[in-house]
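Colleague:
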Amino acid sequence: MRSTERFTGLANVYGQARPTYPLELVRWCLEQAPAPNLIVDLGCGTGISTRLFATTGHPVIGIDPIAAQAFHWFDLDRTFAEVARIGTARSACVAFWNVRLEDTPFMQGYETLLRTWSTQYEVNERAGKTINAIRERAPRVRNFVRS
0 MRSTERFTGL
10 ANVYGQARPT
20 YPLELVRWCL
30 EQAPAPNLIV
40 DLGCGTGIST
50 RLFATTGHPV
60 IGIDPIAAQA
70 FHWFDLDRTF
80 AEVARIGTAR
90 SACVAFWNVR
100 LEDTPFMQGY
110 ETLLRTWSTQ
120 YEVNERAGKT
130 INAIRERAPR
140 VRNFVRS
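Residues in the sequence shown are numbered from 0 upward in steps of one, following numbering that gives the first Met the number 0.
#1: Answer with buried or exposed for residue 19, where buried requires no fewer than 16 other C-beta atoms within 10 angstroms of its C-beta.
#2: Below 8 Å on the Cβ atoms is my guess for residue 62 versus residue 39; work out the distance and round it to an integer in Å.
#3: On a CA-only basis, which of 43, 32 and 33 is nearest residue 10? Give me that one, please.
#4: Would you call residue 146 buried or exposed, if buried means 16 or more other Cβ atoms sit within 10 Å of its Cβ?
#5: Helix, strand or coil for residue 127, going by three-state DSSP, please let me know.
#6: Closest by CA to residue 17, which one among 125, 47 and 83?
#7: Between residue 80 and residue 59, what straight-line distance do the alpha-carbon atoms span, to the nearest angstrom?
#8: What are the boundary residues of the beta strand (DSSP E) that residue 40 is part of?
#9: To the nearest angstrom, how far is it from the Cα of residue 96 to the Cα of residue 84?
#10: Expressed to the nearest angstrom, what Euclidean distance is found between the alpha-carbon atoms of residue 76 and residue 87?
#11: Determine the extent of the beta strand (DSSP E) in which residue 61 is found, giving its start and end residues.
#12: Among residues of its own chain, excluding the 5 on either side of residue 41, which ones have a beta-carbon nearer than 6 Å to its beta-carbon?
#13: Specify the secondary structure class of residue 76 as computed by DSSP and reduced to three states.
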């Protein structure tokens, strides 16, 4: 299944179930490009982070091919080339998403439940590959952990 089709028709469920991001993350992102003229939320999905950035008072545009998309589904070489093309010397590119903490008894049981009973569940290492690709290109990386 194509990544642009994987969540088609599920935006409402996604929006209700997907956790938001900590305000500390938003503050850190803004520190990377002080006084931005525009915040572009590339891979905005249902707009969870777009709405969060909008609370800062800066203009925000959310861009996505479908309502349940995310940055880690993109072709990274083409994406980074486009970010470099449209950015300026003062631009910053930050990427973030929620990742499950898998080393707790609860999460291990949850994983077993999903693998046993969910007909559409699959383990996807794409986010990890994206994180590694970003680490290769990015001058600063920070992990935010909230459980």
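All residues carry an ideal CB built from backbone N, CA and C; glycine is no exception.
The structure displayed is predicted, hence computed values, not measured ones.
Modeller: Based on what the coordinates show:
#1: exposed
#2: 6 Å
#3: 43
#4: In this predicted model, residue 146 has a pLDDT of only 46, less than 50, meaning its place in the structure is not dependable enough to derive any value.
#5: helix
#6: 47
#7: 21 Å
#8: 38–41
#9: 24 Å
#10: 18 Å
#11: 59–62
#12: 62
#13: helix
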